[in-house]
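S.K.: With my numbering, letter number 433 in the sequence shown gets 1646, and the count goes up by one each step, no holes. All C-beta atoms, glycine included, are put in the ideal place defined by N, C-alpha and C. Fair warning: this is a prediction, and the values are worked out from it, not measured in the lab.
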Amino acid sequence: MIKWEEKGGIAMVKYAFPEGFFWGTATASHQVEGDNNNNDWWEFETQGRVKDKQISGKACEHWNRYEEDFDLIEKLHNNAYRFSIEWSRIEREKGKFDESAIEHYRDMLLSLRRRNIEPFVTLHHFTNPLWISREGGWLNEDTILYYLRYVEKVVSSLKDLVTYWTTINEPNAYAFTSYLLGMFPPQGKSLKKMVKVINSMAKAHGKAYKIIHDINPNSQVSIAYNVMIMDPVNPNSVIDRKIANFVDGIYNRLFIETLITGRFSGPFIKEDIPYAKDTLDYLGINYYTRIYLGLKTLFLALQNKLYDYPEGVERSDFNWEIYPEGFYRVVKRFWEMVKKPIIITENGISDAKDTKRSKYLISHLIQLHRAIEEGVDIRGYLHWSLMDNFEWADGFQQKFGLFEVNFQTQERKWRESARIYSEIAKNNGISEELEKKYLS
Ligand code: GAL
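(1) Have a look at A1430 and M1396 and give me their C-alpha separation to the nearest angstrom.
(2) I'd like to know whether the C-beta atoms of R1583 and G1539 end up nearer to each other than 9 Å.
(3) Nearest by alpha-carbon distance to I1298: which of I1473, N1382, G1270, P1537 is it?
(4) Starting from L1595, follow the beta strand (DSSP E) in both directions and report where the run begins and ends.
(5) Please report the straight-line C-alpha distance between K1650 and D1373, rounded to a whole angstrom.
(6) Pull up the CB-CB distance for N1341 and W1276, whole angstroms please, since I reckon it's below 8 Å.
(7) Say the cut is 8 Å; is the CB of G1261 nearer than that to a heavy atom of ligand 1?
(8) Since S1207 and K1569 should fall inside the 8 Å C-beta cutoff, what is the C-beta to C-beta distance between them, to a whole number of angstroms?
(9) Under three-state DSSP, which class holds G1222?
(10) If I follow the unbroken alpha helix (DSSP H) through E1636, where does it start and stop?
(11) Count the other C-beta atoms from every protein chain shown that fall within 10 angstroms of the C-beta of V1451, then say buried if there are 16 or more, exposed otherwise.
(12) Can you name the start and end residues of the beta strand (DSSP E) that G1497 belongs to?
(13) Return the CA-CA distance between N1641 and N1292, expressed in angstroms with no decimal places.
(14) Mapping the DSSP letters down to three states, classify E1617 as helix, strand or coil.
(15) Should Q1433 go down as buried or exposed, given a rule of 16 or more other Cβ atoms within 10 Å for buried?
(16) Based on DSSP bridge pairs, tell me the residues matched to Q1433.
(17) With a threshold of 16 other CB atoms inside 10 Å of the CB of L1652, please say whether the residue is buried or exposed.
(18) Which one of L1352, A1386, T1376 has the shortest CA to CA distance from I1330?
(19) Find out if the Cβ-Cβ distance for the pair T1379, T1558 is shorter than 9 Å.
(20) With DSSP collapsed to three states, give me the class of P1487.
(21) Nearest-angstrom Cα distance between N1439 and Y1500?
(22) Rounded to a whole number of angstroms, what is the C-alpha to C-alpha distance between E1312 and I1575?
(23) Just checking Q1610 against ligand 1 - is the residue's beta carbon closer than 8 Å to any of the ligand's heavy atoms?
(24) Could you check whether the region 1461 to 1477 touches the region 1411 to 1420, counting it as contact only if at least three pairs of C-beta atoms, one from each stretch, sit closer than 8 Å?
(25) Relative to the alpha-carbon of S1630, which residue among E1587, I1579, G1593, G1561 has its alpha-carbon at the smallest distance?
(26) Would you list, in sequence order, the uninterrupted beta strand (DSSP E) runs of no fewer than 3 residues that lie entirely inside the region 1277 to 1360?
(27) Is there at least one non-hydrogen atom of ligand 2 closer than 8 Å to the beta-carbon of W1597?
(28) State the CB to CB distance for the pair Y1505 and I1556, rounded to an integer number of angstroms; the pair is presumed to be in contact (CB under 8 Å).
(29) Which partner residues does V1440 have in the DSSP bridge list?
(30) Let me check one thing: in DSSP terms, what residues is N1252 bridge-paired to?
(31) Just to check, is the beta-carbon of Q1621 closer than 8 Å to a non-hydrogen atom of ligand 1?
(32) For the region 1601 to 1617 against the region 1262 to 1270, are there 3 or more C-beta pairs whose distance is under 8 Å?
(33) Taking 8 Å as the line, does the beta carbon of F1339 fall inside it for any heavy atom of ligand 1?
(34) Taking the beta strand (DSSP E) that S1478 falls in, what are its first and last residues?
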């Protein structure tokens, strides 16, 4: 499809996206708001467990500067914004809801609505109130009930302003990093615990889906699911293929298959969860990279060395492989599995110098476009992230922002990639010029 547009002479849109496509960015409360001093991450940071003993501190001060940040979103010509609600602000103490915190999020939502920006609201993005973690976190089954009580409170308070809800961000990545790899609080290192947490989160999602729909039947409910391409190191080795398939099964399939079939079929736990069946109105996908798995990398992975790539592979500052075709593979695969509209809830790159981000963006979007042309129903793309922020266990060094943030002055600065993204969103597609400039 070819479209002409006026800005800057005549640019031909070579890769046009469907009308009404959502263009946006994504953030998460703890990474941007600042002063989230009542959750398990704050405790973890103040115990000196983040790289170079960094703490999230004031982060991007998004809590107070959201209007300024929403101005930037408008300048990006975006019509969507994904952010998360901080449970530890809403329920600082068990059972006591803070109405002023809810009001604050209401104000944010009103501001987005005034600007015609569709909010995508995440209800759980990695952090837990301290009282939850002290009671055993997601290994304690009561957490499911506490979470549901919080969901009911938030959704009934904000139902008139939100259509798109994400119940849980990356239950698979959360369970892996927090309970198997020991990288995130509470630093568990047990396959059994990890599987238990995925199981509890599937139950929590299943029940939350119903609660949200009971409150507002028009809601669109999903999770944001991290999918990694997991290829065998040596495709000719049966062992490597088996290992890749095993990890893929737990990481990429277990949670989602439970929502498709109503049956949780993991190692250690096999159980019917009928109420979790058919609980996706759309599928949120977070895609970043590929890992290679096999005998060798299994041992490396056990030492948290996840990214052992062959020579010559192009990588981000985080050392993750830049693999645009993987994006196509992921959406095609999950479309076949889920048969529900897909919204990309995260995709982006850690690239402090911004020398790779524009290319990353364009090449990934072209792969997405390829899938759309082949009939995959993709409704939106939310880039991670609007601005540099607190990148969990790696602190502030990993920079995923379209906007650069000076954490001393809180100044936000346009990166070249932000200008490119703005142009793409404005044109609802990618011009031949952009493709030529960045991909050839
Ligand atoms: C995702 C996570 C985000 C962000 C991103 C970049 O897994 O949901 O919070 O940290 O990775 O690493």
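M.R.: Quick answer:
(1) The amino acid at residue 1430 is misidentified as Ala; the sequence shows Pro. Taking the straight line from one Cα to the other gives about 38 Å.
(2) no
(3) N1382
(4) 1591 to 1597 is the span of the beta strand (DSSP E), which, as asked, contains L1595.
(5) 44 Å
(6) That belief does not hold up - the Cβ atoms of N1341 and W1276 are roughly 19 Å apart, past 8 Å.
(7) no
(8) Since the first residue shown for the chain is 1214 and the last is 1653, residue 1207 is missing from the structure and cannot be characterised.
(9) Below a pLDDT of 50, predicted positions are generally treated as unreliable, and G1222, at 45, falls in that range; the measurement from the model is reported next regardless. In this structure, G1222 counts as coil in the three-state DSSP scheme.
(10) 1629 to 1640 is the extent of the alpha helix (DSSP H) around E1636.
(11) exposed
(12) 1496 to 1506
(13) Computed Cα separation, rounded: 11 Å.
(14) strand
(15) buried
(16) Y1377
(17) exposed
(18) T1376
(19) yes
(20) helix
(21) Answer to the nearest angstrom: the Cα atoms are 6 Å apart.
(22) 42 Å
(23) no
(24) yes
(25) G1561
(26) 1293 to 1297, 1331 to 1335
(27) In the structure on display, ligand 2 does not appear, and the ligands it does have are ligand 1.
(28) About 28 Å; that fails the 8 Å criterion.
(29) Y1500
(30) P1342
(31) no
(32) yes
(33) Result yes, Cβ under 8 Å from ligand 1.
(34) 1476 to 1478
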